[in-house]
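Enquirer: So the sequence lines, in the order shown, correspond to chains Z and D. Terminal number for the first sequence in the working numbering: 920, no gaps in between. Terminal number for the second sequence in the working numbering: 226, no gaps in between. In this text, a Cβ means the ideal position worked out from N, Cα and C, and glycines have one as well. Please read all numbers here as calculations on a predicted model, not as lab measurements.
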Amino acid sequence: MNTKLLFATLLFLIGLSQVSAQNHFKKLPADINFLATFDTKNLFQLVDTKDINTTLNKLDFFKKLSDSLSQDIYQIEDLGINLISKSYVFTRLADSVTFIGALIPLSDAKRFQAFIPGHKKVHVVDGLQTIYSVDRSIRISWDENTAYVLTGVVKDSYLAREDVKERYGLTENPYYNYYDTDDAVAESIEAAADAAYEYDYVDTLVDITDTAYAVFDDVADSISIGYDEYDVVSDSNLIMIDSYDDYDTITDNDMLDSIGYSIYENQEDIYQDETSMAYYRWLAETDSIKGVIASEWVDAEMANIITGHYKSFVAPKGFAGKSSKNTVAHYWIRSVDELYQNFMPTGIIEQAFGIGSLSKLKYGYEQANLSFDVDKNKLKLHGALDLDQETAKIFKKIYDKKLNPKMYKYLDWDALGFLSLSMNSEAYLKYIPQYIQRYYGAFVPQYQEAFTVGATLFDIIVDEKAVAKVFKGDNLFVLNGVTKQEITYTDYEYDEDYNYTQIEKTKMDEIPQFLWMFSSDDMRIFEQLLELGVRQEEVLLENGIYKIGKVSRQFSNFYVLMKDGIVFLGNDENQITAIKNNTYKPNVDGPSRKVMKKNRFAALFHVNKIPTLIADLDLPVSRDLDNLTSDLAQYGDFYMISPGMKGNSFQGELGIEFPKKGKNALYFLIDLLERVAVTR
Amino acid sequence: MLKRFFFSSVTIMLIFSLSSCFDIVEEINFQSNGAGKIKATLNLSKSKTKVASLMLLDSVNGIKVPSKTTVQKELNDIVLILKQTKGVSNVNSSLDFNNYIATLECDFNNVAALNAFTKTLSTKFKTNISGYTTYAYDASNKVFVRKYNASQDAKKEFLKLKGENQKVFNDAYFTSIYRFVDPVKKQQNSKASISANRKAVMLKTGILDLINDNTNLSNTIVLN
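(1) How would you list, in chain order, the residues of chain Z whose beta-carbon sits under 8 Å from the beta-carbon of alanine 198(D)?
(2) Secondary structure at glycine 558(Z), three-state DSSP: helix, strand or coil?
(3) When the Cβ atoms of the segment 688-707 of chain Z are set against those of the segment 727-747 of chain Z, are three or more pairs found closer than 8 Å?
(4) Measuring CB atoms only, is the segment 322-338 of chain Z touching the segment 368-380 of chain Z, in the sense that at least three cross pairs come out at less than 8 Å?
(5) Measuring only between beta-carbons, confirm whether asparagine 2(D) sits less than 8 Å from chain Z.
(6) Taking leucine 857(Z) as the query, report the chain D residues whose CB atoms sit under 9 Å from its CB, ordered along the chain.
(7) Pick helix, strand or coil for methionine 763(Z), following the three-state DSSP scheme.
(8) Chain Z beta carbons: is any one of them nearer than 8 Å to that of isoleucine 83(D)?
(9) Are the CB atoms of isoleucine 785(Z) and threonine 823(Z) nearer to each other than 8 Å?
(10) Below 8 Å, how does it come out for the segment 569-577 of chain Z and the segment 599-615 of chain Z: are there three or more Cβ pairs, yes or no?
(11) Mind checking proline 645(Z): buried by the 16 CB within 10 Å criterion, or exposed?
(12) Measure how close the beta-carbons of asparagine 273(Z) and glutamate 578(Z) come, nearest whole angstrom, since I'm counting them as under 8 Å.
(13) Tell me the DSSP bridge mates of proline 269(Z)?
(14) How about glycine 341(Z) and phenylalanine 352(Z): do their beta carbons lie closer than 8 Å?
(15) Could you name the residues of the same chain whose beta carbon sits closer than 7 Å to that of phenylalanine 635(Z), not counting the 5 residues immediately before and after it, in chain order?
(16) Using 8 Å as the threshold, is the C-beta distance between phenylalanine 24(D) and serine 55(D) below it?
(17) Examine chain Z for any beta-carbon lying closer than 8 Å to the beta-carbon of alanine 202(D), and answer yes or no.
(18) How close, in whole Å, do the beta carbons of phenylalanine 32(D) and phenylalanine 171(D) come, if the pair is a contact with beta carbons under 8 Å?
(19) What's the call for aspartate 420(Z), buried or exposed, on a 16-neighbour Cβ count within 10 Å?
(20) Within a Cβ cutoff of 7 Å, which residues of the same chain sit near phenylalanine 936(Z), ignoring the five residues on either side of it in sequence?
(21) If you compare alpha carbons, which of Gln154(D), Val224(D), Ala202(D) and Leu205(D) is closest to asparagine 214(D)?
(22) Whose C-alpha, out of Asp279(Z), Gln753(Z), Phe355(Z) and Lys641(Z), is nearest the C-alpha of aspartate 312(Z)?
(23) Are alanine 141(D) and asparagine 35(D) close, meaning C-beta to C-beta below 8 Å?
(24) For asparagine 644(Z), which three-state DSSP category applies?
(25) I'd like to know if the segment 875-884 of chain Z and the segment 896-904 of chain Z are in contact, where contact means that at least 3 CB-CB pairs between them fall below 8 Å.
(26) Spatial neighbours of glutamine 674(Z) within its chain, please: C-beta separation below 8 Å, excluding the five flanking residues on both sides.
(27) Is the segment 109-124 of chain D touching the segment 195-207 of chain D in the sense that three or more CB pairs, one from each, lie closer than 8 Å?
(28) DSSP on tyrosine 907(Z), reduced to helix/strand/coil?
(29) Just the Cα atoms here: how many angstroms apart are glutamate 159(D) and valine 81(D)?
(30) Kindly confirm or deny that the segment 404-414 of chain Z and the segment 526-539 of chain Z touch, where touching means at least three C-beta pairs closer than 8 Å.
(31) DSSP three-state label for threonine 386(Z), please.
(32) Just tell me which of Ile910(Z), Leu283(Z), Pro831(Z) and Thr723(Z) has its CA closest to the CA of lysine 565(Z).
(33) Is any beta-carbon of chain Z found at less than 8 Å from that of asparagine 226(D)?
(34) Going by beta-carbon coordinates alone, are serine 662(Z) and glycine 713(Z) separated by less than 8 Å?
(35) Leaving aside the five residues before and after lysine 39(D) along the sequence, list all residues of the same chain whose C-beta is less than 6 Å from its C-beta, in chain order.
(36) Who are the neighbours of isoleucine 727(Z) on chain D, taking C-beta pairs under 8 Å?
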């Protein structure tokens, strides 16, 4: 097993470890930027190790691991990982290197050491047993209680610094030289080619003419040379010197090669080959130097962590790492803006667009927390993104609006799902230009004034209050089940002489129905547009309902109704008519109603209705997917929700409810994994 | 002939397999000298809601669903090939994405042009269309012959589909209509029939019968 695989396996196993968490937490450097905490105590309270071992054995995981390690491993415990503590993965961004590290608690260092491949040389560094990857960019050290894993990625921006280049003897990328001097090179090659062409052309012509005459003489001398051969000789040589037009003809011939025209191309090829070779040489050298730098820094960083030289990480205010008993993993980012900037190829963008320092680009996104929870049969990922004061103020204004309660009653229990979004469109229109001006203006400082002018112009032109009356910002889109609806199709009718005419027929077809609603206090613009459609005979007005027939024939017609401050747009005529006549009496979906009410954004899909939908639509499903499809009938909901702002942080959650088959969602996933493995 | 092409195109095959019913109509009007006009129509309008739904997806059961652009490009390619075929002129095509109806029509100088066209398409789509169907017309004896061999390629593609997808071919039909200036004296295909005015021969069959070789399109039509 190579070190990288070992590293990957360790990272995986991190999720299966547990000890005195506090000790390891203290070893984390104070200025880490990202921290992933794997709470295996919680994990193994949710799933028994015996069950995990059984599944991993069924999947031949231990067998494969044993084979690659030449060690017999039958259970997780054999790996020497302590299963009663939290493990951590972290990153620390230094000026020169991005460090990625892990702290894994051990229960049996000897067992863990046996897990190290035999051919790996174990060193003693900083007083600890240590192994390195071949390029020494990954280091694993361990004592009785902890395995420390660390790697480093050297930043290109660091290597681009003149003092660094000088210190490590780094050279320029030869491709830059090639492109920098491209014109000069091309010109010199062209000049050389021209010279060669002129010289060779004259000489070659003399040679060719000489040869031709020699052959002609030979014809005269010997009757064994046929007339055809004479033609060939004269065609390929003498015509060439007649006119400029002939020159073009000759370019199709190989003749030009013989007069040196190919020199340019050959020289360029050779040049490019040399450049490529130089590039690969440079790459190897640079990588080697990078490896040396990385290993130096990794060693230094590791020493600091092991010896406790760094100040310990202290959970900042808002750090949600102290998980509930359902949390199996928690992720924390110190600053999302900082993360953006670190991973954004700033150098390339700055050069490409000739813009100023991108480090000024700030969205106002601060710390982020994300937790992965197992809540009975539900898996959920929930988190919060903290915003700076300015941004939080803007977001609060935008998301201060609730969904129009009148819409709740149109969500039927039988609906497949819904999407609701409530924003304050007036606040949105008012603040977005300012937001763009503030953040993107800093991004390109030379255009800061232009952004300001643009924002003011937008403010003047757009009357936010007026627009907000037309489109208040709350929306509810309901995807109803399929219903039978009459659709038209084209068929052919034949007479007795087999002349056919195209005719329109109708049939009943299953069509997915939807209903979109949004609030409006000023519907004049919609009315006027629809009236225009009526005059153009594109829209039909019947009993206060507008019927739009030509937008899309596939999904029948669209119907628009404006009532009680709500604009309804749907494709189910019966539903729209019933809403119009106050006779629509749906079986209101209570739980979904609660979700809508609580959240500024909600998207929810009743997964258990998919099999029925597939059957109703008569969609072909292959036999392989039959079991999985029928499983879906036992699922709960898949959802994404956001209650909007809570304090200065923006909240969100994503979740799925699995069938209530096993003890919890993890048991269901284990079972699913086994079943999928068996079918393969 | 064009039916062969339709079968040879995997893209169209997919749409067929995912739509519950469709019609292919091949209509050829012959003049006495063997020249004429051919029009092929693919009509998926009866399944338009399903086709429209499926085209919103990227793939179904692991088979890629062609986009409107892909379908349009396929048709454009065919039109281009037809325009370059000797003896073929007035090439027209249409695609109606509201009703999912595609048509392709052209004039031909003689049946040899039709055969040349199938050959060109065979090359383009790397399938042996011309091996399945050929036309011949003997103007002096006024005999029109269509030779047809069931397409093994089509059958192979069909068998690749899962059973559930195969069954949707149950409601799919192929219709061929040949019209002549002179009255038809006799025709040999038992599944075809002569019109009341005796100037046309029509054969309508289920697509499944064609794939399974239960219906053969070969015919010899003798004119008065």
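Expert: From the atom records:
(1) Glu736 and Asp737
(2) coil
(3) no
(4) no
(5) Residue 2(D) cannot be examined here, being either before or after the span of chain D that is shown, 3 to 226.
(6) Under the 9 Å cutoff, chain D gives Thr51, Lys52 and Ser55.
(7) Reduced to three states, the DSSP call for methionine 763(Z) is coil.
(8) no
(9) no
(10) yes
(11) exposed
(12) 7 Å
(13) Ser552(Z)
(14) no
(15) Leu627, Met885 and Phe890
(16) no
(17) yes
(18) Not confirmed; about 30 Å, so no contact.
(19) Here the model assigns aspartate 420(Z) a pLDDT of 46, short of 50, so the residue's position is not dependable, and the following value carries that caveat. It counts as exposed.
(20) Nothing about residue 936(Z) can be read from this structure; chain Z reaches only from 241 to 920.
(21) Gln154(D)
(22) If we check each option's Cα against that of aspartate 312(Z), Phe355(Z) comes out closest.
(23) yes
(24) coil
(25) Yes, the segment 875-884 of chain Z touches the segment 896-904 of chain Z.
(26) Ile634 and Ala695
(27) no
(28) Note: tyrosine 907(Z) maps to helix in three-state DSSP.
(29) 24 Å
(30) yes
(31) Of the three classes helix, strand and coil, the one that applies to threonine 386(Z) here is strand, per DSSP.
(32) Leu283(Z)
(33) With respect to chain Z, the C-beta atom of asparagine 226(D) has no partner C-beta closer than 8 Å.
(34) yes
(35) Asn31 and Asp109
(36) Near isoleucine 727(Z) (Cβ distances below 8 Å), the residues of chain D are Lys50 and Thr51.
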